[in-house]
Structure formats: structure tokens, C-alpha cells
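Peer 1: Take a look at this one; I'll ask things after.
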Amino acid sequence: MTSMMLKNFHRRILISAAVLVCRVGCSIDGVREGPANLDIIDCHTHFYDPERPEGVPWPEKGTPLYRTVLPKHLRALDTFRPLTGTIIVEARASVEDNAWLLDLAKGDPFVVGIVGRLEPGDPSFEKNLQRFAANPLFRGIRISAQVLQKLLERDALADLKLLAAHDLSLDVNGGPETPAVVAKLASKLPELRIVLNHIANVPITDKHPPADWSEGMRLLAKNPNVFCKISGMVESAAKQAKEPAPAALDFYRPYLDVVWNAFGDDRVIYASNWPVSESGADYKIMQRITLLYAFEKGEEPTRKFCSLNALRAYRWIERPGRR
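Going by the working numbering, 71 is the number at position 71 of the sequence shown; the sequence numbering is gapless.
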């Protein structure tokens, strides 16, 4: 074989290798890009406007979060992979804020659902639930683990049964003790779809995940009606370290392993907690961490994580013009 023939042979080998790499997952900065045409629904974003006449009780004035935050601002972010939609989660204890969010979403197909705020046990709960559930964009409510604990102690679950009867979901937010509380509800109301927020806000450090949190997540995941949003990690890591959150996947891997191994491919949900997540890292870094982990699981688990599991949890309705 002549030197020219050998050179052409090597060139063909390199081209074939490059084609193979792109078929199994093209690279960005040496990492896998993951499946093409991903439908990515961010299932935990907060929108608010301090310029509204009634103002906002949160965030506090003078903080970086105290600014108008709307879906157009989310769409304008620099991302690792493009977002195709979002589910808004309440950020205010106001019945009429549910109406404001629904009105915000009305003309914007990017918003596929609203998780609102109603207080179980309030005399007007049923009336308000019927009012908002009439809108197909209203997909459920969120309560704190403390509120849920009080409901369980009083065995006052009638309003949560109403939620299930309307085919709506319940988000629950709280600390590392939350899985045990949610597990009690999940066993009592197996017909209610429940979504744990922010992997129970466990402190993210360079140490091994807390044993009680890990065990709590495993026990909670035995209830098939419970889903878990993988979110809240970068802001937790930054808070613990008192500096910007690490950008490397391996820092978070022990926590991701606990959650994914417990809930499996079918009940983990992509979410950001934006704009709160900005306290730990920008959106691109935050998104890159969880998507790279999902990419390692393969194409089907990635697609489930990015949108299909959320469809099962929230049963949102596809909106014309979303993509």
C-alpha cells in the first residue's frame, strides 16, 4: 500500500468514526449531546410582577429576585438545550393570583400548565377549586409539608380527595423530613398524583447524602402515585458552600443516584426552580448538570425525564403552536 493509499485509508477510518460518534450522540465540549429534538418541559418556574398594583410579598424588595419575571424572560435564557414549554408553580398565597397566572398563560402556548395555590381546609376551597379546575391549564395545587402534616394529624383529607376527583395533582414542598410525611398521604390516597418538590430540599454537600434522607426517598418511592422533581440542587449547594455552586455533574451524582434509583425512569421530572435557581448557578449550568445525568440513562429515559413523566403526573393538554 502506497503512502497516499495509506493516508486515504486513515482518512476514511476517521470519517467513519466521526459518523458513528454523531449517531450515538454528538459531542459538545467532549460530552454527549443526547437525543435530538428533545421536548423539554420545565416543570417548576415562578413568574411574578412587582409592578402589579397589589405588589408581591415575595421576593423581598432589594433582592436580586425582586424584578418582573415572565415567560418571555425564561424563553430568552441561554440554555444547554432549548426549552419547549413550562409549568408555572405558585409563588404567592393569594386566591386571585391563580387567576393572574391563568391569564398570563392564556395567550402563550409555551405555558402548558399552572400549579396554583389554594388552602385545604379553607371554607371556600371547594368553590375555588371548581372555579379554577374549569380551566384545563389549571393542573393542581402546591402546599407545604407543614400544612400536609397538620391535615394528616386531623385526618382532614376531604379537600385533597376533591383534588383527586378533579383529576388534579398535589405538589408538596418541604425539607428532608418531607418524604415521610408525603408517604403517609400517598398510602391513604393512592388515587391522588403527588409531586415531591426539589428532591425534598436536602442540603447538597461534598459529603455522602444523609442516610435518613436517602432512606426516606426510597420508602416514599414505593408509592407508585408519587413523582419527584429533580430541582433545587444548585441553590442548595451554593447555600451550603456559601459560594457559587459547582458546575461538575460528579459533585451531584451521589444525590442523583439516590433519587433516580428510588423513583426509576418513569417518575423523575425535569424542573429548574427558576429564577430562584440563579442563586446557585445560571440556567445553562443548572440544566447541563441534570441533562448530562439523564443522557447517561439512554434516549428513552431522557425523553421521559424531560417531558413524558410530567405528562403522566400533571396530565397537561398539548397547546397548538407550542413548538
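Heads up, the beta-carbon is just placed ideally off N, CA and C, and yes, glycines get one too.
Rounded to whole angstroms, what is the Cα-Cα separation between F263 and N197?
Peer 2: In a straight line, the C-alpha of F263 is about 13 angstroms away from that of N197.
Peer 1: Return yes when the Cβ of G116 is within less than 7 angstroms of the Cβ of I141, no when it is not.
Peer 2: yes
Peer 1: Would you say R81 faces chain B, with C-beta separation under 7 angstroms as the test?
Peer 2: No chain B is part of this structure, which consists of one protein chain only.
Peer 1: Classify K207: buried if its beta carbon has 16 or more other beta carbons within 10 angstroms, exposed otherwise.
Peer 2: exposed
Peer 1: Go through its chain and collect everything with a Cβ distance to V181's Cβ below 8 angstroms, but skip five positions before and after it.
Peer 2: A145, L148, Q149, L152, V172, G174
Peer 1: Could you tell me the alpha carbon to alpha carbon distance between A99 and F132, rounded to whole angstroms?
Peer 2: When rounded, the distance between both Cα atoms is 8 angstroms.
Peer 1: To the nearest angstrom, how far is the alpha carbon of D49 from that of L163?
Peer 2: Cα-Cα distance, rounded: 28 angstroms.
Peer 1: Excluding the five sequence neighbours on either side, which residues of its own chain have a C-beta within less than 7 angstroms of the C-beta of K161, listed in chain order?
Peer 2: L189
Peer 1: Find the nearest neighbour of V259 within the set P210, R288, W316, judged by alpha-carbon distance.
Peer 2: P210
Peer 1: Among the residues of its own chain, which have a CB less than 6 angstroms from the CB of E191, if the five just before and after it don't count?
Peer 2: A164
Peer 1: Hey, which unbroken runs of the alpha helix (DSSP H) at 4 residues or more fall wholly within the region 220 to 256?
Peer 2: 233 to 241
Peer 1: Can you tell which of F110, T68, L104 has its C-alpha closest to the C-alpha of R323?
Peer 2: It is F110.
Peer 1: Under a Cβ-count criterion, where at least 16 other Cβ atoms within 10 Å of its own Cβ denotes burial, should W58 be classed as buried or exposed?
Peer 2: exposed
Peer 1: For G107, count the other beta carbons within 10 Å of its own beta carbon; 16 or more makes it buried, fewer makes it exposed. Which is it?
Peer 2: exposed
Peer 1: In terms of DSSP beta bridges, what is Y48 paired with?
Peer 2: For Y48, which the question treats as bridged, DSSP gives the partners V69.
Peer 1: With DSSP collapsed to three states, give me the class of R142.
Peer 2: strand
Peer 1: Do you know whose CA, among A313, G113, L104, R253, lies nearest Y293's CA?
Peer 2: R253
Peer 1: When we look at the beta-carbon of R303 and count the other beta-carbons within 10 Å, is it buried (16 or more) or exposed?
Peer 2: buried
Peer 1: Mark A158 as exposed unless 16 or more other C-beta atoms lie within 10 angstroms of its C-beta, in which case mark it buried.
Peer 2: By the neighbour-count criterion, in which 16 or more other beta carbons inside 10 Å mark a residue as buried, A158 falls on the exposed side.
Peer 1: At what residue ranges does the region 92 to 152 contain a whole run of the beta strand (DSSP E), taking only runs of 3 or more?
Peer 2: 111 to 116, 138 to 144
Peer 1: Can you check DSSP and say which residues form a bridge with I194?
Peer 2: L170, V226
Peer 1: Would S307 be called buried (16 or more neighbouring beta carbons within 10 Å of its own) or exposed?
Peer 2: buried
Peer 1: Could you give the C-beta distance for I114 and I41, rounded to a whole number, given that I count them as a contact under 8 angstroms?
Peer 2: At roughly 13 angstroms, the Cβ-Cβ gap does not stay under 8 angstroms, so I114 and I41 are not in contact.
Peer 1: Should V195 and A281 be called a contact, given that it needs their Cβ atoms to be closer than 7 angstroms?
Peer 2: no
Peer 1: For a minimum of 4 consecutive residues, which ranges assigned as the alpha helix (DSSP H) are wholly contained in the region 267 to 322?
Peer 2: 283 to 297, 299 to 303, 309 to 314
Peer 1: CA-CA distance, S277 and K239?
Peer 2: 11 angstroms
Peer 1: Between which two residues does the alpha helix (DSSP H) harbouring T178 extend?
Peer 2: Note, T178: alpha helix (DSSP H), 178 to 188.
Peer 1: Thinking C-alpha only, which one of E300, E299, N273 is nearest Q287?
Peer 2: N273
Peer 1: For the alpha helix (DSSP H) that A158 lies in, which residues bound it at each end?
Peer 2: 158 to 165
Peer 1: Would you check if the distance between the CB atom of V202 and the CB atom of P244 is smaller than 7 angstroms?
Peer 2: no
Peer 1: Which term fits G34, buried or exposed, when burial requires 16 or more other beta carbons within 10 angstroms of its beta carbon?
Peer 2: buried
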